[in-house]
Each structure stands twice: as C-alpha cells, then as structure tokens.
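Read the structure below first, then the notes.
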Amino acid sequence: MSSLFGNFFANWDRYRKSIEDPGYRDYENMWAMAIDLGSCIGCNACSTACYAENNLATVGEDRFLARQSMGWMRVERYWDEPSLGASDPDSQERGGSFLPMMCQQCNAAPCEPVCPVGATYNNEGGLNAQIYNRCIGSRYCANNCPYRVRYFNFYSYDKDAWPAPLNRQLNPDISVRDKGVMEKCTFCIQRIRAAKDDAAREGRALRDGDVTTACQQTCPTQAIVFGDLQDPESRVRKAWDAHQVRLGTTEQKKTNPALRGYRVFEELNTESCVIYLERVRDTDV
Amino acid sequence: MSDPVHVKDINEDIAWAKINADVLRSMKNPRLGYWIAIAVSIAALSVGVAGEVYQYNVGMGPAGLNTSHMWDLYISSFVFWIGMSHSGTLLSAILHIVHADWRKPIYRFAEAMTTFSLLTAGLFPILHLGRVWNMHWVVPYFSDRGIWPNFTSPLMWDAFAITTYLISSALFLFVGMIPDLAICRDNAASGWRLRLYTFLALGWRGDDRQWRNFRVTYLVIACFLIPLAVSVHSIVAMDFSMSIMPGWHVTTFPPYFVAGALYSGCAAIISLFLLLRYLMKFEEYMTFPILDKVCKLTFVIAMVWSYLNLIEFASVWYGHDIPAKEVLIAKASGPYSPFFWGMIAFGMVLPFSLLSKKIRRSLLLLFVISLLLNTGMWLERWMIVTPTLSLGFHPFAWNTMWPGWVEWGIELGSFGWFGLLFLIFVKVFPSVSMYEVKEMVYHRKHVVFDDVEAEIAKLYPIVDPKARGAAQTPDLGRP
Chain U
1 MSSLFGNFFA NWDRYRKSIE DPGYRDYENM WAMAIDLGSC IGCNACSTAC YAENNLATVG
61 EDRFLARQSM GWMRVERYWD EPSLGASDPD SQERGGSFLP MMCQQCNAAP CEPVCPVGAT
121 YNNEGGLNAQ IYNRCIGSRY CANNCPYRVR YFNFYSYDKD AWPAPLNRQL NPDISVRDKG
181 VMEKCTFCIQ RIRAAKDDAA REGRALRDGD VTTACQQTCP TQAIVFGDLQ DPESRVRKAW
241 DAHQVRLGTT EQKKTNPALR GYRVFEELNT ESCVIYLERV RDTDV
Chain A
1001 MSDPVHVKDI NEDIAWAKIN ADVLRSMKNP RLGYWIAIAV SIAALSVGVA GEVYQYNVGM
1061 GPAGLNTSHM WDLYISSFVF WIGMSHSGTL LSAILHIVHA DWRKPIYRFA EAMTTFSLLT
1121 AGLFPILHLG RVWNMHWVVP YFSDRGIWPN FTSPLMWDAF AITTYLISSA LFLFVGMIPD
1181 LAICRDNAAS GWRLRLYTFL ALGWRGDDRQ WRNFRVTYLV IACFLIPLAV SVHSIVAMDF
1241 SMSIMPGWHV TTFPPYFVAG ALYSGCAAII SLFLLLRYLM KFEEYMTFPI LDKVCKLTFV
1301 IAMVWSYLNL IEFASVWYGH DIPAKEVLIA KASGPYSPFF WGMIAFGMVL PFSLLSKKIR
1361 RSLLLLFVIS LLLNTGMWLE RWMIVTPTLS LGFHPFAWNT MWPGWVEWGI ELGSFGWFGL
1421 LFLIFVKVFP SVSMYEVKEM VYHRKHVVFD DVEAEIAKLY PIVDPKARGA AQTPDLGRP
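So the protein lines, in turn, are chains U and A.
Each residue of the first sequence is one higher than the one before, counting from 1 in the working numbering.
Each residue of the second sequence is one higher than the one before, counting from 1001 in the working numbering.
This is the structure:
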C-alpha cells in the first residue's frame, strides 16, 4: 500500500520539469519543433504531406463542410482587420498571417488525465502518444484540448477515402484508423521509430537530422525545425535557446523583448513542445 | 372540499382493506390510456433504437458532431437523466430520516423514477462512445494483459458512481417494497404474478422480528443513499469542472449540479404525481395537501438552484477570466441565446408561479408548469455542454452546431425507454406504498403530534438485548 502511494507521489511532479532540471533526463528524447512564421507562406504543403504520410482520410466536401475533416495539421489564416487595432486600410493588401497548428505535444497535456482508459499518455520521447487500439472514443480528450487538434473518426473511411489505385499509396508503417477512434499528430512517430532502429543497427547514437517529420520535409521555405530538445547541439534546441523559450514555465522571461519565440496558450501550463517565431512584416520594422 | 389545500393530508377514516384493494386494483386491468401510453413509449423507443443501430454501423458522423463539438445532446441528456434520479432519494431517504410522513403515499413512484432514470442515464455515456463494443474497458476488471482504466479521469469516476448509485437505489426501492410484495403475494391467485411475488417477498410474514430488521435495514440504506446521491451528481459536475475549458472550469459546479438535480427531479415528481393520480385513480392518496407540499419544496429548491446559477455567472464575470467571460456573453447574446433565455425563463422565473395558491390547486396548469420547469432544466444542461464547446480557447475553432437526426432520435428514444420502464413498473409493482399509507393513517388518527419522539419511541421501542435476556431469565430468588 505504501508503494502505491509512494509511486503516486513520486510521479506527482513528473510534469513541469524544465530543461535545467535533472529529472527532465527521465525522457529518452524531448522531441520539439520551432516554426518560423516569418517564413511560412501558407502553402499547405505540410498539411498535404501529413495526409500522405499518416494515412489521413480525405472525407469529402460535405463532411469537410460539416467540420469533420481529419487533417492533423491545419494552416490557420488570420487577417489584420482594422477593427482589431491595425488602422491601416491596406492591411488586406498586405496578405494574411499563417499559423500551422498541429498537436503541440504538451508535457502536461490536458487530454491525458481525462481519458477513461488511458489511451493517451506521455511517452519516453516526450510525445503525447495516442494508442489507437485502446481508444474507446469517449472524446473527452478532444473537448479538453485548448488547441482543438484532436480529430475523431466520425465514419469508417477505409472504403471510400482511398478508391482503387489510391490505396497503393497508403503508408504501411502506420495503421488506417477505423470509426470511433481519436487520432492526432504524432510528430511522425513511425519515422522516429525507424530512425532509432537504424541508429541502433549501426551502433550509434541518434543524430540531429536523423528524424525528419513529413511536414518539415515538405516545407518549401524550411519554416519548420524539428529535433531533440535534450541535445544541446540540435537545431531545434538552438532555435529555442536563441529566442530564450524554456520548457517548465508559464511565463517566458526574455532579456530582449524583440525575441520572437512564443508558445501558444503558455498561461495554461500545458508545457507544449512547439514554439512559433512571430512573423515580422517589413512595415513593422 | 371548498378549500382543498387546507384539508388533511389523507382521510383518517380510510379502511386498511380499502387501501389494499385500491392499490391492487391499480395493478390490474390497464385502461385505454395506459395502452396508448405504452404504444407511444414503444414508438419513441423504436426511433431511438433505430438511431443507435444506424450509429453503431456507420459511426458518430450522422449525430451532427464535429471537431469542436465532440459532446452534445448525449452528454447533456446524461446529466439531465442523472438529475431526474435525485428526487427519489430526496423524497424517500431524506424525508424518511426527518420523519416527514406526508411523503408516504408518493415516495414509491419517486424511487422507481430514480431507478429508471438512472437506467436511462447510464445508457448515454455508453451510446456516445465511438467504439461502444469496447465499453467494458472502463471497468477495472482483472485481465491477463494487466491493463487498467485511468483512475484520474472523471469519466472513470462516473462509471463507479453511477453503478454504485444504481445498485443502491434499486436495493432501496426493493427493500422498501417487501411488505407490499407480501400483500401482493397474498392476493395473487396464481400464475407468474404469484411466483414473482413469492420470490420477491422473501418469506415476509410480518412478525415483529421481521419488522424490526426491516426498519433497521431501510434506515441504513437511506443513510447510505443520501451522501451517495450528493457524490453522484458532484462527480457528474466534475466531468465538466475538472476540465480546463472556459465555461466548464467552475468550482461551483458540483453544488450547482446537485441543486439542479433535485430541482428537475421535483418537477418530474409533480408531473408523474398528476399522471398517476389521473391514470390510476389515486385521488384519495395523492391528495391536494401533499401536492401543495411538493410544490413548495420545488419552489425552495428552484430558488437554491437560481442562486447557485447566479453565483456561477457572477464568479465568471468578476473572476475576469477572459475566455470564460466570452463564453458567458456568447451564451446570453450568441446563436444559442434563445435557449439560454428559455432556461432563465423556465428555470428561474416560472417557479415563482408556484407561490400562487390558485396555481397550486389547478391540476392542469400545474402539469404544464412542471413540464416547462423540466424543459428549462433540460435546456440548462444543453447550455452547459454546447456553447462552451462552440467557443473554447482557440478562436480559429469557434463555430456552432445543431444536433443531427440520430442524436434527436436517441434523445426521443430515451424518453420512450424511461416511459416504458415506468409504465411496466406501475402495473407489476404497487406504485403507492400500502403499508406506509396505513402507518400514516394510523399516526394521523392516534398519535398526538405534540410529542412525536415519544410516540415513535413507544411504537418502535429500542429493546436492549441484555434487558430482554434478563427479563426472560426466571427469577429464582437467589441473592
């Protein structure tokens, strides 16, 4: 009985570990991303690549308009409306801003504690993993996600989403989910797994750049940087450091307010692993 | 009967044989109205079953849910039906403990309502699962794989709470019915009724020892049930308040939900009271003074609920949590505002009509009011679930939704399911407690109510076993 409570309290503050905290090293990796919105041109290539890589169903126009689409990565488009403070009437002319939004791989994920069957959990890579086989579809996780990046299989798509020749392009490394299962961005966990296996086969440690996510690979402007935050030499860690963004805090203390890095809804203490670098317009400079 | 509100709760000269005869008569020879009610219930249930079969085969898509609105009518109906189940406990357990004997003619159907609305409520979390066929995974059964459910999830707590409450309230209903089942057994000639009542009456003969054990058991279950009822609806409230969603993350939700549960349950008691009184000809037992008391109780609880509702708005408003405040403003002025103001009108304003003696005496008007009160409470549940999900933290995902036909069909089916269970109950089991009505008549006639406790002590003496043993030991005159 004492071990039961002992484990409970020992794991209590497993969340909220910062990079500086030695306990943070419990993770094998801490996969993270940095997305430069200054480079993002809103082309949706990342989203398309995600569809191809992760066997996402194309649900058709009607279901898309009913907001039952399955895109794990969506490029959100925002306009600087005059009513929102930008008094410049030409703001529409200057184009929109884009925010690629995918699962933020929170370390203190709101979706995790509410799943009745424990189908979603924090894995050893710091990812917010989803076990499709275990999911019973209570959808509590999706309701509790402040980013709205969990997608539910409202129908069985295996019959109609990939008509005859298209089924040949399905990725064999990842399952095709059936109706009633919650799914989400996994940071291409199948690629992470393959890279780890390759590294183990070659008897070496995983190097920065061994793992590339589909969205990162496809991005024409290389706005997406992906890697292991625990590796001090990785590009993603350098991006985080350069913009003085830290895990394990609800408020970033930056020496220079001009630094562009931020996390979405940091105040919710979700410990998300994705930072965005704010877009800077030429008119702002 | 010029002033029916101010006559006695029950006619004191009513003969015990007449009580038996009236209640037993109500269980036989269904009238046309009964068959019509059964047919309507079965029709509604069929729509629900058809919807569920379709949903089982196709998926949750036709329910009208979308990426922002993963919950809708299923969860609000779940909260609604759980709420309905609380009045039975209130009426029988709490009023039993405080010796309010006016509850006696009406508590049986309220308890049946508790059990059946729990059976209805329990269906919804199951039906709303994406993979219904795996619902047993929320049960912590031992398996070779060593996989357990997640005990931090409020949905998990729901599963425990509802199961415990369902078992306890079914037990409460059954134990309270044993003396009546014996009467049914003694009056049943033959056939399945005799076999059923013989089995269920558990060999009840009505001797002193059985009565004493019965009283103790009944009281123990009643005491057990009251905190359980509070916990069940608190846990249902925690489904929402434990999440981080603005509009749900409110600490006043548990008491607010409990008050709302008692409220909707009381309103449902009034509706069923009037229906049974009419359908079963229970005018002599379900009398105006009792109805009057139920109406006053409903009014008081309505005021408690209104107060907690206002507190919730105030805490959101003055807490100045921007997303939560936006949800509140959107409820009052957004696309769901007609339903929100409908909830305010039916739930908070309409109960004031119960202050009028004239309305409390008008059966038809009261029936309509009680249905409207419950409509308001149904809207309240819907207004908790849906507008919050329309907004949330991320403005990009803001949208509205309207439930699809499958959801409406299953919603309708739930009323059919509840109605069918209730209608079958009133014909198979006595829906008025015969022995307690007899007690009530006896008390009203013979007990001087100036000293209630002394009278109760006289009626149910607490016999010290040692003293009883001493009395039985013959005094042999030894020193």
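Ideal Cβ positions, reconstructed from N, Cα and C, are used throughout, including at glycine.
Values in this document were obtained by computation on a predicted structure and should not be read as measured data.
Check each residue of the segment 1116-1146 of chain A: if its Cβ is closer than 7 Å to any Cβ of chain U, include it; give the result in chain order.
-> Per Cβ criterion, the list reads L1129, G1130, R1131, N1134, M1135, W1137 and V1138.
A1259/A to L1366/A, Cα distance in whole Å?
-> Pairing A1259/A with L1366/A, the inter-Cα distance amounts to about 21 Å.
What first and last residue would you give for the alpha helix (DSSP H) that runs through G1265/A?
-> For G1265/A, the enclosing alpha helix (DSSP H) starts and ends at F1253 to L1279.
Excluding sequence positions up to five away, which residues of its chain have a Cβ less than 6 Å from the Cβ of T1388/A?
-> Taking C-beta separations shorter than 6 Å and ignoring five residues to either side along the sequence, the partners of T1388/A in its chain run M1245, G1247, W1248 and V1327, following chain order.
Quick one: using the 10 Å Cβ neighbour count with 16 as the cut-off for buried, is C141/U buried or exposed?
-> Of the other Cβ atoms in all chains shown, 16 or more fall within 10 Å of the Cβ of C141/U; this residue is therefore buried.
For A1397/A, which residues in chain U fall below 7 Å Cβ to Cβ?
-> Within chain U, the residues placing a beta-carbon under 7 Å from that of A1397/A are R148, ordered along the chain.
Is it true that the segment 157-166 of chain U meets the segment 50-67 of chain U, where meeting means three or more beta-carbon pairs spaced less than 8 Å apart?
-> Verdict: yes, contact present.
Give the single residue among I174/U, P100/U, L99/U and V75/U whose Cα lies nearest to the Cα of I131/U.
-> Looking at I174/U, P100/U, L99/U and V75/U, the one whose alpha-carbon comes closest to that of I131/U is I174/U.
Show which residues of chain A have a CB atom less than 7 Å away from the CB atom of G137/U.
-> Within 7 Å Cβ-Cβ: L1129, G1130 and R1131.
So, Q104/U versus S272/U, is the Cβ gap smaller than 7 Å?
-> Their beta carbons are under 7 Å apart, which means Q104/U touches S272/U by this criterion.
T1152/A lies in the beta strand (DSSP E); which residues open and close that run?
-> Premise fails: T1152/A is in no beta strand (DSSP E) and is neither H nor E.
In chain U, which residues lie less than 9 Å from I1036/A when you measure between Cβ atoms?
-> Within 9 Å Cβ-Cβ: nothing; I1036/A doesn't reach chain U, min ~38 Å.
Since N29/U and G126/U are thought to touch, with beta carbons under 8 Å apart, how far apart are those beta carbons, to the nearest angstrom?
-> Right, the Cβ-Cβ distance comes to about 6 Å (below 8 Å), so this counts as a contact.
Step through the CB atoms of chain A and report whether any lies within less than 7 Å of the CB of E271/U.
-> Chain A places no beta carbon closer than 7 Å to that of E271/U, leaving this residue out of the contacts.
Considering only residues of the same chain and omitting the five flanking positions on each side of M1434/A, which have a CB-CB separation below 8 Å?
-> I1019, N1020, V1023, P1179, D1180 and I1183, listed in sequence order.
Nearest residue (CA-CA) to W1102/A, options M1177/A, K1293/A and V1138/A = Comparing C-alpha distances from W1102/A to each of M1177/A, K1293/A and V1138/A shows the shortest one belongs to K1293/A.
Please compile the residues from chain A whose C-beta is within a distance smaller than 8 Å of the C-beta of Q130/U.
-> Near Q130/U there are no residues of chain A at all, since even the closest Cβ is about 13 Å away, more than 8 Å.
Please work out which residues of its chain come closer than 7 Å, Cβ to Cβ, to L1228/A, disregarding the five sequence neighbours upstream and downstream, and give them in chain order.
-> Contacts found: T1164, Y1165 and S1168.
Closer than 7 Å, CB to CB, is C50/U near chain A or not?
-> Not flagged as an interface residue toward chain A: C50/U, since no C-beta distance is shorter than 7 Å.
In chain order, what residues of the same chain have a beta carbon less than 6 Å from the beta carbon of C111/U, not counting five sequence neighbours either side?
-> Closer than 6 Å at the Cβ level, and outside the excluded window around C111/U, lie T120, C141, N144 and C145.
P1323/A classed as buried or exposed, judged by whether at least 16 other C-beta atoms fall within 10 angstroms = Around the C-beta of P1323/A, 16 or more other C-beta atoms lie within 10 Å, and the residue is accordingly described as buried.
Grouping DSSP H, G and I as helix and E and B as strand, with all else coil, what is W1398/A?
-> Here W1398/A sits in coil by DSSP.
From what residue to what residue does the beta strand (DSSP E) around G227/U run?
-> G227/U -> beta strand (DSSP E) spans I224 to D228.
Between V117/U and I136/U, is the Cβ-Cβ spacing less than 7 Å?
-> Between V117/U and I136/U, the CB-CB gap stays under 7 Å.
Look up V75/U in the DSSP assignment and give the residues it is bridged to.
-> Looking at the DSSP output, V75/U sits in a beta bridge with P100/U.
Endpoints, alpha helix (DSSP H) assigned at A1332/A = First-last of the alpha helix (DSSP H) with A1332/A: I1322 to S1333.
Measure the alpha-carbon distance for R191/U versus I1082/A and round it to whole angstroms.
-> Between R191/U and I1082/A, the alpha-carbon positions lie close to 46 Å from each other.
Going by alpha carbons, who is nearest to W1402/A out of D1009/A, V1049/A, A1043/A and G1064/A?
-> If we check each option's Cα against that of W1402/A, G1064/A comes out closest.
Report the rounded CA-to-CA distance for V1230/A versus I1369/A, giving the unit in angstroms.
-> Taking the straight line from one Cα to the other gives about 26 Å.
N123/U CB to nearest chain A CB: under 7 Å?
-> No, its Cβ sits nowhere closer than 7 Å to a Cβ of chain A.
Skipping 5 residues on each side, what residues in its chain have a beta carbon closer than 7 Å to that of V1005/A?
-> The pLDDT assigned to V1005/A is 43, lower than 50, so where the model puts this residue is not dependable; a value taken from the coordinates is nonetheless given after this. Here V1005/A has F1288, P1289, D1292, K1357, R1360 and R1361 as same chain residues with Cβ atoms under 7 Å from its own Cβ, once five neighbours each way along the sequence are excluded.
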